[in-house]
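Going by the UniProt record's numbering, the sequence shown opens with residue 1, and the numbers climb by one from there.
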Amino acid sequence: MSYHPENPMIVQSDKTILLEVDHPGYEDARDELARFAELEKSPEHIHTYRITPLSLWNAASSGVTNDTIIEIFNKYSKYDVPQNIIEDIKDNISRYGKLKLIKRDGDFLITSDDQYLITEITHNKHVIPLIKQQLNHLEFTIAPLNRGHIKQVLIKIGFPVEDIAGYEDGDAMTFSLRGSLLSNNLPFAMREYQHEAIEVFYAKGSATGGNGVLVLPCGAGKTILGLAIMEKYQYQTLILATNITALRQWRDEIVDKTSLCPEDIGEYSGEKKEIKPITITTYQIMTFRKKKGDEFLHLELFNKQNWGLIIYDEVHLLPAPVFRTTAEIQSKRRLGLTATLVRRMGWRTTFSA
C-alpha cells in the first residue's frame with residue numbers, strides 16, 4: 001500500500017472521505033470533491049464527505065467521468081483508493097444515461113438502447129402505473145404530468161434517467177449585468193468559478209441544461225450566479241426566497257448589479273401582491289393557508305405568469321408543498337441555490353434527475 005502523507009484526503013471503504021481543513025491543498029481538494037460527493041460533517045479540522053449513487057449521477061450529468069474521479073483521488077489521497085470504491089463509482093457512473101427521457105411529436109418517451117433494461121423497469125410495480133403506452137421493446141410513453149414522478153421513481157430503483165425533453169420558453173425579459181455597481185460605481189465582475197458554474201448549468205443552451213442545483217460555500221456569491229443565469233436566458237423569472245429580508249436583499253442586488261429598474265421587480269409577500277417580469281416571493285407566503293386542511297392560496301403564482309425560469313434560494317429549505325408543486329412543473333427551467341448539501345429527503349431528486 002502506498003502512502004502519501006503530504007496529501008489532504010483519506011478515502012475509506014464505507015464511501016466516506018475525510019478531508020483535512022488545515023492542509024494547504026484543502027480548498028482545491030474541496031472544490032474537486034464538491035463535483036461528486038456530499039458534505040456530511042464540517043467540524044473544525046476534519047470535514048467528512050460521502051459518495052452516494054445520487055451524487056455520482058449528478059456528477060455524470062455534468063460530464064464528470066469515473067476516470068476523472070479516480071484521478072482526483074490519486075492526486076489528493078494519502079492512501080490507495082479501496083477497490084470497492086472504484087467499482088462502485090464505475091457502476092453508478094455507467095448507469096446514468098442508459099435511460100433517456102425525450103419528446104417526440106408532442107409525446108414524452110422513456111427510451112433506451114438496452115431492451116433488457118426497458119423490460120426490467122416496465123415490470124416494476126412503481127413504474128407500471130406511469131406507463132401511458134408501450135411502443136416497442138425499447139421505449140414507452142408517459143403523461144406530461146408524470147415527467148417528474150417517473151424520474152423520481154427511476155432514481156429510487158437505481159436507474160436515473162437523462163432528461164433531454166427540453167423546456168418551454170417563457171416570456172422574454174431583456175436586461176444585462178452592469179459593469180459597475182449602481183450603489184457605489186465600483187467595478188463588478190464575476191470570478192472564474194462562478195463562470196464555470198454558470199456554463200455547467202446553461203450547457204450552451206441545450207436541453208441537457210436549464211435544471212439543477214448549484215452548491216457554493218457561504219460568501220461565494222450564489223445570488224450573483226442567479227442573476228447571471230437570468231441574464232443568460234433573458235426570461236421573466238420567479239424567485240423564491242427564504243423570508244422577507246432575503247426577498248428584499250434579492251431585489252436590492254438585482255437593481256445594483258443589473259440594468260433592471262425597481263419598476264421591473266415585483267414583491268409577492270404578506271404586504272404586497274405584485275406580479276411583474278421579475279417577481280420575488282417567499283416560501284412562507286407560498287405555503288400560507290387559513291387553516292390546516294385548506295388549500296394553499298398562493299401556489300397558483302407558479303402559473304400566473306409565463307415564467308421562463310424559476311429560482312429557489314436556499315433550496316435545501318424547500319417546504320414540502322412547494323416541493324410537490326415543483327415536481328409537477330418539469331417543463332420550466334429551474335435553478336436551486338444552496339450553500340449546503342445537508343438536505344431534506346427528496347428535493348435533490350427533483351432537481352438533479
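The beta-carbon is built from N, C-alpha and C at its ideal position, and this holds for glycine as well.
Since we're looking at a predicted model, the values are computed, not measured.
Nearest-angstrom Cα distance between residue i and residue j?
{"i": "T52", "j": "E271", "result": "43 Å"}
{"i": "C261", "j": "L227", "result": "14 Å"}
{"i": "T65", "j": "I85", "result": "14 Å"}
{"i": "Y283", "j": "T325", "result": "12 Å"}
{"i": "E44", "j": "L19", "result": "11 Å"}
{"i": "D256", "j": "L182", "result": "5 Å"}
{"i": "N185", "j": "Y312", "result": "29 Å"}
{"i": "N124", "j": "L145", "result": "20 Å"}
{"i": "R50", "j": "I17", "result": "6 Å"}
{"i": "I329", "j": "H149", "result": "11 Å"}
{"i": "R30", "j": "P319", "result": "29 Å"}
{"i": "L135", "j": "A34", "result": "40 Å"}
{"i": "K98", "j": "D113", "result": "7 Å"}
{"i": "K75", "j": "E253", "result": "39 Å"}
{"i": "residue 406", "j": "S77", "result": "Nothing about residue 406 can be read from this structure; the chain reaches only from 1 to 353."}
{"i": "F188", "j": "A246", "result": "21 Å"}
{"i": "residue 354", "j": "V153", "result": "Examination of residue 354 is not possible in this model, given that the chain is present from 1 through 353 alone."}
{"i": "S206", "j": "I229", "result": "14 Å"}
{"i": "H126", "j": "K151", "result": "11 Å"}
{"i": "G106", "j": "E168", "result": "12 Å"}
{"i": "D264", "j": "R248", "result": "14 Å"}
{"i": "I69", "j": "G210", "result": "24 Å"}
{"i": "I275", "j": "I198", "result": "27 Å"}
{"i": "L56", "j": "Y193", "result": "21 Å"}
Select from the options the residue whose C-alpha is nearest the C-alpha of residue i.
{"i": "F36", "options": "P43, G221, L238, K15", "result": "K15"}
{"i": "D67", "options": "I93, L299, K132, A29", "result": "I93"}
{"i": "F159", "options": "R251, I110, D80", "result": "I110"}
{"i": "A339", "options": "L240, G219, E253, Q12", "result": "G219"}
{"i": "V161", "options": "R191, F108, E300", "result": "F108"}
{"i": "D80", "options": "S2, H195, L214", "result": "S2"}
{"i": "T208", "options": "E87, K304, I164", "result": "I164"}
{"i": "N303", "options": "P129, G170, F73, R147", "result": "G170"}
{"i": "I128", "options": "Y116, H23, I142", "result": "I142"}
Should residue i go down as buried or exposed, given a rule of 16 or more other Cβ atoms within 10 Å for buried?
{"i": "T119", "result": "exposed"}
{"i": "R104", "result": "exposed"}
{"i": "I42", "result": "Before going on, a small fix: residue 42 reads as Ser here, not Ile. When all chains shown are included, S42 counts as exposed."}
{"i": "K156", "result": "exposed"}
{"i": "A172", "result": "exposed"}
{"i": "G266", "result": "buried"}
{"i": "L335", "result": "buried"}
{"i": "K332", "result": "buried"}
{"i": "N306", "result": "exposed"}
{"i": "R191", "result": "exposed"}
Check the C-beta distance from residue i over to residue j and give it rounded, since I have them as a contact under 8 Å.
{"i": "S62", "j": "Y96", "result": "About 10 Å separates the two Cβ atoms, so there is no contact after all."}
{"i": "T281", "j": "V322", "result": "With a Cβ gap of about 10 Å, T281 and V322 do not count as contacting."}
{"i": "T279", "j": "L238", "result": "5 Å"}
{"i": "H47", "j": "L39", "result": "6 Å"}
{"i": "E231", "j": "L177", "result": "5 Å"}
{"i": "I244", "j": "S269", "result": "6 Å"}
{"i": "S180", "j": "P82", "result": "Not really, about 51 Å apart at Cβ, beyond 8 Å."}
{"i": "L214", "j": "L337", "result": "6 Å"}
In terms of residue numbering, what span does the alpha helix (DSSP H) encompassing residue i cover?
{"i": "R248", "result": "244–257"}
{"i": "N92", "result": "83–95"}
{"i": "H298", "result": "From DSSP, H298 is part of no alpha helix (DSSP H); its letter is neither H nor E."}
{"i": "L186", "result": "It is not in any alpha helix (DSSP H) - L186 carries neither H nor E in the DSSP assignment."}
{"i": "I150", "result": "147–156"}
{"i": "K222", "result": "222–233"}
For the beta strand (DSSP E) that contains residue i, what are its first and last residues?
{"i": "M9", "result": "9–11"}
{"i": "V161", "result": "161–163"}
{"i": "residue 370", "result": "Residue 370 is absent from the model: the chain starts at 1 and stops at 353."}
{"i": "F108", "result": "107–111"}
{"i": "T208", "result": "Note, T208: premise wrong, no beta strand (DSSP E); not H, not E."}
{"i": "K100", "result": "99–104"}
{"i": "E274", "result": "Per DSSP, E274 belongs to no beta strand (DSSP E) and is neither H nor E."}
Does the distance between the C-beta of residue i and the nearest non-hydrogen atom of the ligand MG fall short of 6 Å?
{"i": "L56", "result": "The model on display carries no ligand, and the ligand MG is accordingly not part of it."}
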